[in-house]
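In my numbering, the protein residues as written are 2 to 357.
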Amino acid sequence: VTTYELILVGFGRVGRRFKGLLDEKRAFLKREGIDVRVAGVVTRSHGCTSGGRPTPFHGTDTVIDLIARSRAAAREGRLVLVETTTLDIARGEPATTHVRAGLAGGAHVITANKGPAAFAYQALSKAARLAERRFLFEGAVMDGVPVFNLVRETLPGVNVSGFRGVINTTTNYMLTAMEGGATFAGALAEMQAAGIAEADASLDVDGWDAAAKTAALANALLDARITPHQVEREGITPGSGRRAAEARRSKRRLKLIASAGRAGDRVTARVALEELPGDDLLASVEGPQNAIVLQTDLVGEIAIVQRGSGLTQTAYALLSDLTTIARARPGARATLRPPPTAPARRSPSPSRRRTR
Ligand SMILES: NC(=O)c1ccc[n+]([C@@H]2O[C@H](COP(=O)([O-])OP(=O)(O)OC[C@H]3O[C@@H](n4cnc5c(N)ncnc54)[C@H](OP(=O)(O)O)[C@@H]3O)[C@@H](O)[C@H]2O)c1
């Protein structure tokens with residue numbers, strides 16, 4: 002068993018749920034040869050908690066100090082920086098700096114924040130390769146449902162040439178609710194109460210969250226070099242509710258579709274309201290569901306549908322990234338699932354025997 006030291010940068014809804022999941026999945030992690038120890042937690046308003054008393058927050062320097070204190074684990078490839086700070090759509094910071102600092106200090110980095118892959122995927126991947134560490138971000142798109150892992154781990158040699166998807170839960174839920182007569186404000190309030198809308202809800206309704214995910218997908222799957230600001234973008238407005246209801250009456254569905262495609266050297270990416278025919282797979286993606294259709298050269302189109310989303314799924318993405326890191330370690334344990342525990346067999350009762 003290898004003890005991984007975790008530095009948690011950001012400890013809000015996702016960070017706390019991840020910490021809880023580590024406890025709940027302790028037996029699974031042990032079977033994978035993973036033990037974890039939280040070396041420190043950094044948040045903006047609580048500063049740094051590591052061992053003894055909390056120390057004040059001095060921005061990225063606090064994170065760099067904490068990494069430096071875990072030198073032995075870093076040298077041995079056992080240090081993992083878990084980045085779950087708030088998304089900043091202007092520049093993808095401070096998350097991108099945290100990822101860079103983690104890799105430079107010898108840590109693997111896993112994150113649910115879209116910023117780093119959306120703004121600096123190529124540079125951070127290169128830094129990870131040079132440092133012989135991993136930079137993983139499964140939770141950035143469709144929570145714990147494998148999209149990046151699916152392509153990276155299970156589709157060797159396959160080129161992804163494009164994708165289309167419904168990848169923002171808040172706006173899809175709102176469009177579905179407004180088709181049924183809900184108001185824009187009412188539907189948004191429901192998503193905020195469920196903890197699904199971003200802290201700044203304009204990131205969702207103005208299409209920024211979808212644009213960040215589109216950039217992350219295009220950078221990682223299509224080898225693009227774009228930021229969310231280069232994604233053509235549209236959001237939803239109260240008027241979209243009327244359009245959605247009209248579309249539904251004519252057996253069509255209004256959806257906020259994220260898409261990207263490569264043609265030669267050029268990658269184009271956009272987030273736009275589209276009226277889909279009823280038999281389009283994406284037309285049936287209801288409420289809080291998400292889906293993405295990947296276009297590939299060798300296996301045609303692959304659709305991944307997520308029927309429900311939430312904090313546990315996002316936290317699971319971090320757990321799966323941690324497992325990916327551990328499985329790549331030389332001498333890692335076999336990754337086959339153990340057989341399910343068979344229910345205890347009871348001999349049939351005499352009365353049963355008679356009726357058979
Ligand atoms: N919630 C979801 O369902 C979901 C799903 C997929 C992806 N994500 C992504 O996961 C990330 C975390 O989401 P969340 O819902 O957990 O957010 P959250 O509850 O708002 O928590 C954010 C955390 O980041 C900390 N933080 C913010 N700026 C910081 C800085 N400069 N340095 C250090 N810590 C900082 C906050 O600390 P203070 O509280 O002390 O300010 C807080 O602990 C976001 O990037 C989000 O886009 C979330």
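We put the beta carbon where it would ideally sit given N, CA and C, even for glycine.
Quantities reported herein were computed from a predicted structural model and do not represent experimental measurements.
Hey, residue i and residue j: beta-carbon distance below 8 Å or not?
i: Gly163; j: Arg263; result: yes
i: Asp205; j: Ala198; result: yes
i: Ser46; j: Glu6; result: no
i: Gly52; j: Ala75; result: no
i: Val268; j: Val232; result: no
i: Glu84; j: Val10; result: yes
i: Arg79; j: Thr3; result: yes
i: Ile111; j: Leu88; result: no
i: Thr297; j: Asn160; result: yes
i: Ala216; j: Ala119; result: yes
i: Ala284; j: Ala292; result: no
i: Gln307; j: Met143; result: yes
i: Ala261; j: Leu299; result: no
i: Gly279; j: Arg253; result: yes
i: Ala178; j: Ala190; result: no
i: Ala211; j: Ile168; result: yes
i: Arg226; j: Gln123; result: yes
If you measure from the CB of residue i, is any heavy atom of ligand 1 nearer than 7 Å?
i: Val306; result: no
i: Arg263; result: no
i: Lys127; result: no
i: Pro95; result: yes
i: Ser46; result: yes
i: Phe120; result: no
i: Thr19; result: According to the sequence provided, residue 19 is Phe. The question's Thr does not apply to it. No, Cβ of Phe19 sits at least 7 Å from all heavy atoms of ligand 1.
i: Thr85; result: yes
i: Ile197; result: yes
i: Thr313; result: no
i: Asp144; result: yes
i: Asn173; result: no
i: Val100; result: no
i: Ala113; result: yes
i: Val37; result: no
Assuming residue i and residue j are in contact, meaning their beta carbons sit under 8 Å apart, how far apart are those beta carbons, in whole angstroms?
i: Leu320; j: Lys26; result: 6 Å
i: Ser241; j: Leu222; result: About 28 Å; that fails the 8 Å criterion.
i: Ala259; j: Glu276; result: Not confirmed; about 16 Å, so no contact.
i: Leu312; j: Arg54; result: Rounded, the Cβ-Cβ distance is 29 Å, inconsistent with contact.
i: Ala183; j: Gln193; result: Not really, about 14 Å apart at Cβ, beyond 8 Å.
i: Val100; j: Leu125; result: 5 Å
i: Val294; j: Arg165; result: 5 Å
What's the C-alpha gap between residue i and residue j?
i: Ile237; j: Thr172; result: 7 Å
i: Tyr287; j: Arg38; result: A small correction: the amino acid at residue 287 is Glu; Tyr does not occupy that position in the sequence shown. Cα-Cα distance, rounded: 40 Å.
i: Ile90; j: Ala213; result: 8 Å
i: Glu139; j: Thr315; result: 9 Å
i: Val42; j: Lys127; result: 27 Å
i: Ala40; j: Phe58; result: 16 Å
i: Ala105; j: Gly21; result: 28 Å
i: Asp24; j: Val81; result: 17 Å
i: Val64; j: Arg18; result: 21 Å
i: Tyr174; j: Pro331; result: 44 Å
i: Phe12; j: Thr86; result: 8 Å
i: Ala246; j: Ala121; result: 39 Å
i: Ile35; j: Arg134; result: 17 Å
i: Ala327; j: Lys115; result: 23 Å
i: Asp322; j: Ile68; result: 19 Å
i: Asn150; j: Cys49; result: 32 Å
i: Glu33; j: Ala329; result: 11 Å
i: Ala186; j: Ala195; result: 14 Å
i: Asp224; j: Asp266; result: 10 Å
i: Val148; j: Asp66; result: 33 Å
Could you spell out where the alpha helix (DSSP H) holding residue i opens and where it closes?
i: Ile65; result: Thr61 to Arg70
i: Phe138; result: Per DSSP, Phe138 belongs to no alpha helix (DSSP H) and is neither H nor E.
i: Glu247; result: Pro239 to Arg250
i: Thr215; result: Trp209 to Leu222
i: Phe164; result: First-last for Phe164: Val161 to Val167, but that is the beta strand (DSSP E), not the alpha helix (DSSP H).
i: Gly48; result: Run containing Gly48: none in the alpha helix (DSSP H); it sits in the beta strand (DSSP E), Gly48 to Thr50.
i: Thr86; result: Neither: Thr86 is in no alpha helix (DSSP H) and is coded neither H nor E.
i: His99; result: Ala96 to Ala105
i: Gln314; result: Leu312 to Arg328
i: Asn150; result: Phe149 to Thr155
i: Gly20; result: Gly is not the amino acid found at residue 20; the sequence shown has Lys there. Taken as a continuous stretch (DSSP letters only), the alpha helix (DSSP H) holding Lys20 covers Arg14 to Glu25.
i: Arg253; result: Element bounds for Arg253: not the alpha helix (DSSP H) but the beta strand (DSSP E), Arg253 to Ala264.
i: Glu180; result: Thr170 to Glu180
i: Val206; result: Ser203 to Val206
Give the range of the beta strand (DSSP E) segment to which residue i is assigned.
i: Arg8; result: Looking at the sequence provided, one finds Ile at residue 8 rather than Arg. Counting along the chain, the beta strand (DSSP E) containing Ile8 begins and ends at Thr3 to Val10.
i: Ala40; result: Ile35 to Thr44
i: Pro278; result: Arg267 to Pro278
i: Gln193; result: No beta strand (DSSP E) holds Gln193; the alpha helix (DSSP H) holding it covers Phe185 to Ala194.
i: Ala304; result: Glu302 to Gln307
i: Gln296; result: Asn291 to Thr297
i: Val110; result: His109 to Thr112
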